[in-house]
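In this note's numbering, the protein residues as written are 10 to 106. Ideal Cβ positions, reconstructed from N, Cα and C, are used throughout, including at glycine. Structure first, then comments.
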């Protein structure tokens, strides 16, 4: 069907702009780091809601701030590298800025 090219992957811009596979950049390590960071943020939110000790609540707050800084860094890195693949299977995390 696609002469000499693999089928184009879905991209963040796919509904607005057609992109071919040659221009798609793929960085599985970076995608895995982003997935792991999102997992840690979800786990942090869950643990924050379960904490009762004031010191541990404070620890969860600082941990969240560190994770958010990491997440911003990873997104900036992905943008810099031109990664456009959509992370599939990752539930939405609406509290992220």
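Extent of the continuous alpha helix (DSSP H) to which residue i belongs
i          : result
residue 64 : 63 to 90
Simplified DSSP state of residue i, which is helix, strand or coil
i          : result
residue 35 : coil
residue 60 : coil
Spatial neighbours of residue i in its chain, beta-carbon cut-off 8 Å, leaving aside the 5 residues before and after
i          : result
residue 36 : 87, 90 and 92
Close beta carbons around residue i, own chain, < 6 Å, minus the five adjacent residues each side
i          : result
residue 49 : 76
Three CB pairs or more closer than 8 Å across the segment 46 to 62 and the segment 71 to 81
yes
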